[in-house]
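Only one structure is covered here, and it is reproduced in the block below.
In the working numbering, the protein residues as written are 3 to 645.
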């Protein structure tokens, strides 16, 4: 009989451990679908706790994730949604699955011509509602499916407490440069039991607005509202039901005389979910949910919509020598577009398909120190047939605080609806058109990683090397390039692109994290080296993405007294080169940013905070020929009320 299965069982049965002498701080759920110690999780995973989030005046989730090793936030100002794109190990957010409490969200298929870059971060919960964030770096397609080819970000919200809870936060960001737009940000979280141990409700959301920059290719005017309500009903001692309803809306406006060109982009999102949890007995737990997402964009007359409904059930069974995770998923998705959306289209504006899956993962305890996880997913796509997606991961505990980890996994991503339909002609910049292709195959990859992970009460860290062999990359291929001489659908174009499986790519790198907690000081450092290369196609020899080869973050928090926290952060990114249309490339220089801040507890339920961001006023502007825009020095002031 081994300890690990019974530890797993106790975690599944209850989120709180009654015996406070057992220290289980670094518990994660995303790696295997059930709660386990991070040292034993079969993945490279990093967590950000609510305390870390609350100690900083984070405006949004991208600010939080930008401190994670292997994660890079790119774009923002040049995105019509004003959101930063999240890259994990060089793969963009198109390859990242975003989860909120284990439920997938994603609306990228509603956007076109790159307009949706960074949009997903706008739908994530505000910082005040978050219990923790788990970031898995590397494919998790065997457990989570097509969208998890690059990694998984799971935002876990706070549970409804046993007594009323309230948190209100307001802050403003004031730019030193008068041409840059100031912003205001209000976040709220309210939760209370209605009937003790039976019925509870929580409400959380965010109001955010930023003024438009008077800088070419600067930030657009943005107004964002994001609100969610959850109701939880407990049925006896072994079941509970949760209903969630959410609504979000963002408005983005650009003007030629300010940020360089006129633009309108409004986004509406409605999502609903119903979740049921049941403990069948002391060893088996099942979670099932229905999740519906409805997203619309309004861009003048070129309106689009995306609908997705997901049915998912997952069970975890704990035995003496292993923990078995198994389940099924069925997903329906559909896009709807106005006729003006695709000027070169011959066919229907409405595209749809279904996708189903069965998945099984077994974590087997070969010895008290060695755990081997094998996973297998059978994926059936209406358009692409069957795909088997395996993974194998081993964890060897060298001591109670140190683990050796290694794994190999397959990544898988099906083409989007528009990429796979030859009747779709999407107008592109420069008088061109992009055509779909029904002969496309899903993108795949084989991924390897090996590393060490350490964690005790004061010191924690990990060192991981990774390698990805990327196959069948979907890219646009120029099939006609003749100014005013390309013909499609009785129209004349300057060029015609077609989506094709042409590119092979190689990604490799090393990630290093270390953190130490002194009596009054908490410090963290991480470094990432990554190199990518396209091995075939028109961009052979070029980097796979525009992420930096070298990234480093160091942060120090100092609390001389219990009511005061002083923090500092230094971020470094090396120069990058970004491939763009018609063979040109834009290089972004290396840069270092320094941020300083303070948080002071004025009273038991009232905090004040302030910060200076980009202390040395490092600026990068797209109008100077660079591939991104950075805000200069700016000042943050705010307060929070807690009850």
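Even for Gly, the Cβ is constructed at its ideal location relative to N, Cα and C.
Keep in mind the model is a prediction, meaning the values are calculated, not measured.
Using CA atoms only, rank isn't needed, just tell me which of the options is closest to residue i.
| i | options | result |
| --- | --- | --- |
| residue 284 | 93, 319 and 38 | 319 |
| residue 545 | 317, 505 and 512 | 505 |
| residue 622 | 203, 600, 575 and 352 | 575 |
| residue 127 | 632, 477, 497 and 250 | 250 |
| residue 262 | 42, 223, 31 and 188 | 223 |
| residue 324 | 296, 355 and 369 | 369 |
| residue 594 | 145, 560, 619 and 337 | 619 |
| residue 293 | 157, 99, 277 and 186 | 277 |
| residue 372 | 35, 97, 486 and 41 | 41 |
| residue 572 | 255, 525 and 421 | 525 |
| residue 212 | 491, 204 and 253 | 253 |
| residue 168 | 529, 159, 205 and 188 | 205 |
| residue 186 | 216, 153, 227 and 195 | 227 |
| residue 101 | 86, 33, 56 and 130 | 33 |
| residue 107 | 143, 288, 312 and 606 | 312 |
| residue 210 | 188, 192, 389 and 330 | 188 |
| residue 613 | 60, 91, 191 and 548 | 60 |
| residue 617 | 522, 637 and 56 | 637 |
| residue 393 | 409, 31 and 381 | 409 |
| residue 456 | 399, 150, 492 and 142 | 399 |
| residue 259 | 232, 381, 216 and 299 | 216 |
| residue 74 | 635, 578 and 609 | 578 |
| residue 597 | 314, 501 and 58 | 58 |
| residue 633 | 615, 608, 641 and 451 | 615 |
| residue 520 | 483, 558 and 489 | 558 |
| residue 663 | 279, 387 and 150 | Outside the modelled stretch of the chain, which goes from 3 to 645, sits residue 663, for which no answer is possible. |
| residue 164 | 195, 191 and 143 | 195 |
| residue 289 | 309, 331 and 257 | 331 |
DSSP three-state call for residue i: helix, strand or coil?
| i | result |
| --- | --- |
| residue 426 | coil |
| residue 299 | strand |
| residue 401 | coil |
| residue 66 | helix |
| residue 586 | Residue placement at residue 586 cannot be trusted, given a pLDDT of 46 that sits under 50; what the coordinates show is reported in the next sentence. Reduced to three states, the DSSP call for residue 586 is coil. |
| residue 125 | helix |
| residue 566 | strand |
| residue 394 | strand |
| residue 362 | strand |
| residue 322 | coil |
| residue 145 | helix |
| residue 445 | strand |
| residue 130 | helix |
| residue 71 | coil |
| residue 19 | Here residue 19 scores only 32 on pLDDT, less than 50, and its place in the model should not be relied on; the value that follows carries that caveat. Of the three classes helix, strand and coil, the one that applies to residue 19 here is coil, per DSSP. |
| residue 284 | coil |
| residue 621 | coil |
| residue 330 | strand |
| residue 593 | strand |
| residue 460 | coil |
| residue 316 | strand |
| residue 13 | Bear in mind that the predicted position of residue 13 carries a pLDDT of just 48, short of 50, making it too unreliable to give a figure here. |
Which residue or residues does DSSP assign as beta-bridge partners of residue i?
| i | result |
| --- | --- |
| residue 191 | 169 and 206 |
| residue 383 | 357 and 387 |
| residue 467 | 452 and 512 |
| residue 533 | 510 |
| residue 257 | Residue 257 is not bridged to any residue. |
| residue 186 | 174 and 211 |
| residue 473 | 446 |
| residue 310 | 295 and 335 |
| residue 500 | 437 and 479 |
| residue 367 | 373 |
| residue 495 | 488 |
| residue 641 | 172 and 610 |
| residue 556 | 527 and 572 |
| residue 135 | 50 and 157 |
| residue 230 | 206 and 248 |
| residue 279 | 242 and 289 |
Validate contact between the region 356-370 and the region 64-75 using beta carbons, cut 8 Å, 3 pairs: Judged by Cβ distances under 8 Å, the region 356-370 makes no contact with the region 64-75, as fewer than three pairs qualify.
Alpha helix (DSSP H) runs wholly inside the region 21-60, at least 4 long, in chain order: 52-56
Three or more C-beta pairs below 8 Å linking the region 363-376 and the region 440-450: Between the region 363-376 and the region 440-450 there are fewer than three C-beta pairs closer than 8 Å, too few to call the two in contact.
Cβ contact check for the region 417-437 and the region 136-145: 3 or more pairs under 8 Å: In short, these stretches do not touch, since the Cβ pair count stays below three.
The region 174-181 touching the region 189-205, judged by at least three CB pairs closer than 8 Å: no
Inter-stretch contact at 8 Å, needing at least 3 Cβ pairs: the region 241-249 / the region 189-200: no
Contact the region 402-417 vs the region 455-475: 3+ CB pairs below 8 Å: yes
Touch test, the region 492-511 against the region 523-537, Cβ-Cβ under 8 Å, three pairs minimum: yes
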